[in-house]
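Peer 1: All residue numbers for the sequence shown refer to our numbering, where the first residue is 1 and numbers rise by one.
For glycine and all other residues, C-beta sits at the position ideal for the given N, C-alpha and C.
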Amino acid sequence: MNDVNHPNHYTWRGTECTKAVEIMTSGASGADAMYIGNIVKYLYRYPAKGTPLKDLMKAKQYLDFLITNQEVKAGTKNHGERQ
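1. Can you give the Cα-Cα distance for Asn-2 and Ala-31, rounded to whole angstroms?
2. Taking the Cβ atom as the reference point for each residue, do Tyr-98 and Tyr-10 lie within a distance shorter than 8 Å?
3. Would DSSP call Lys-49 helix, strand or coil?
4. Enumerated in chain order, which unbroken segments of the alpha helix (DSSP H) with a length of 4 residues or greater are wholly contained in the region 12-37?
5. Looking only at C-alpha atoms, which of Pro-52, Asn-78, Ile-36 sits nearest to Ala-20?
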């Protein structure tokens, strides 16, 4: 595989990670789309890249960002306020 365009840790599940990200972010915009895309990316490559715990922690961090963003939109948390 091509390490730049098609690295194994982004293709090993049978489809390109970019396709999964496109599907999962469809209808999302702005920060939400970015957070979802990163969650998908880190879960997709787990554990194939060789840093499984690190990838899970990164996915969790972006999930926390997404949750906070949704709480701000719902008015249950102030902008900039974190966990």
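Peer 2: By the coordinates alone:
1. 30 Å
2. The structure shown does not extend to residue 98, since the chain spans only 1 to 83, so no value can be given for it.
3. coil
4. 17-25
5. Ile-36
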